[in-house]
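This report refers to the structure that appears directly beneath it.
Quick look at the structure:
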């Protein structure tokens, strides 16, 4: 049977987390509060831990505007609930996170692409798209963009915030990769808190199976609407995993595991560059971006060789622009090396 290599799904390194988590579970005391109905927005201790994590990693967290979610995609989905109805227009980067794009399209929200350059979303293109389409909401990933790895510089972030303010746009900011960045740049939520839904999560650091994410709303009224949406559908979210994650966010474990992951990602990105060459775009994150004219053909040849990749397509363009290569899903460095070398040989 042909070996299978996964360069498609963006996962962090999980084995070290699993080992620490197994040890933690053996000594975690469960109180009666954990077994009761959950707090509507999340346990106050959990929300405080999340806010502290956000403060340390570039996006000041406001406890009174935070809601616990089942991962970052759930947070994005809730933000969409708050901003777009069926038939509304949502602005997105021309190349964007396919998961949230799919959520929006499934709800009948019309997607309008906004041009990008090497610094991310173009302010002038955003303004033009908003005026042309009448859209009131824009989704943007300022840090370690999926799939291109681009991180917006501070000046560009201020320009995007200014356009949003001038045109009355609401921003949905996706920040799931933010903690992986070593440079602390201001989040859009810190620049224009009154018009930004900020979605984050711990999945790209500790593992998506924990399903711990959050949404920070722009004001108390919107926060109340988010909480009501969650409780109407679920009666509150499970309490045990968030409680354990909160311990790790406050006692330094999560930061220690983050630093271990960052070190490994620097090595893995360097490995990928050495094999695939200068065309590969990397930023020491979970994935690299490989622009190429024959992305679909390359992905097909890779799949036939047992290597799964992710195609990056511009909105409204069926022609793929490149391959997104996940660099941590294959935990064994030898397997990753084999997959990358095989991929390079299929060019």
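Residue numbers (the numbering used here): 3 to 349.
All C-beta atoms in this analysis are idealised placements derived from N, C-alpha and C, irrespective of residue type, glycine included.
It should be emphasised that the depicted structure is a prediction, and the values quoted were computed from it without experimental measurement.
Query, Result
"Pairwise C-alpha distance: residue 214 and residue 44", "11 angstroms"
"Local Cβ density within 10 Å of residue 346, reported as buried at 16 or more and exposed below that", "exposed"
"Contact belief for residue 69 with residue 228 at Cβ below 8 angstroms, rounded distance in angstroms", "5 angstroms"
"Span of the beta strand (DSSP E) around residue 339", "Where residue 339 is concerned, there is no enclosing beta strand (DSSP E), although the alpha helix (DSSP H) it sits in stretches over 335 to 347."
"Span separating the alpha-carbon of residue 260 from that of residue 15", "10 angstroms"
"N- and C-terminal bounds of the beta strand (DSSP E) containing residue 277", "Not the beta strand (DSSP E): residue 277 falls in the alpha helix (DSSP H), residues 255 to 278."
"Residue 310 (DSSP reduced to helix, strand or coil)", "strand"
"Environment of residue 39 [buried if 16+ CB atoms lie within 10 Å]", "exposed"
"Within the segment 209 to 255, ranges of the beta strand (DSSP E) (whole runs, at least 3 residues)", "215 to 218"
"Near the ligand ZN: residue 229 beta-carbon under 7 angstroms from a heavy atom", "Annotation note on the ligand ZN: not contained in the displayed structure, which lists no ligands."
"Short Cβ contact (8 angstroms threshold) for residue 151 with residue 256", "no"
"Local conformation of residue 118 per DSSP, three classes", "strand"
"Selection from 88, 116, 119 and 118 that minimises the alpha carbon distance to residue 105", "88"
"Cβ pair residue 72, residue 239 closer than 8 angstroms", "yes"
"Three-way DSSP call (helix, strand, coil) for residue 200 in this model", "strand"
"Whole-Å CB distance - residue 114 paired with residue 91, under 8 angstroms assumed", "5 angstroms"
"Same chain only: Cβ atoms within 7 angstroms of residue 324, ignoring 5 sequence neighbours per side", "291, 292, 293, 294, 297 and 314"
"Cβ neighbour criterion (16 or more within 10 Å) applied to residue 27", "exposed"
"Buried versus exposed call for residue 170 [16 or more other C-beta atoms within 10 Å across all chains shown]", "exposed"
"Start and end residues, alpha helix (DSSP H) containing residue 322", "No alpha helix (DSSP H) holds residue 322; the beta strand (DSSP E) holding it covers 322 to 328."
"Short Cβ contact (8 angstroms threshold) for residue 284 with residue 10", "no"
"Anticipated Cβ contact below 8 angstroms, residue 128 with residue 140, distance rounded", "6 angstroms"
"Neighbour-count burial assignment, residue 134, 16 or more Cβ in a 10 Å radius", "exposed"
"Beta-bridge pairing of residue 39 - partner residues as DSSP gives them", "Note: residue 39 sits in no beta bridge, so no partner."
"Classification of residue 335 by the beta-carbon crowding that lies within 10 angstroms, buried from 16 upward", "exposed"
"Expected contact under 8 angstroms - CB spacing of residue 64 and residue 53 to nearest Å", "7 angstroms"
"CB of residue 96 within 8 angstroms of CB of residue 326, strictly", "no"
"Per-residue DSSP class, three states only, for residue 84", "helix"
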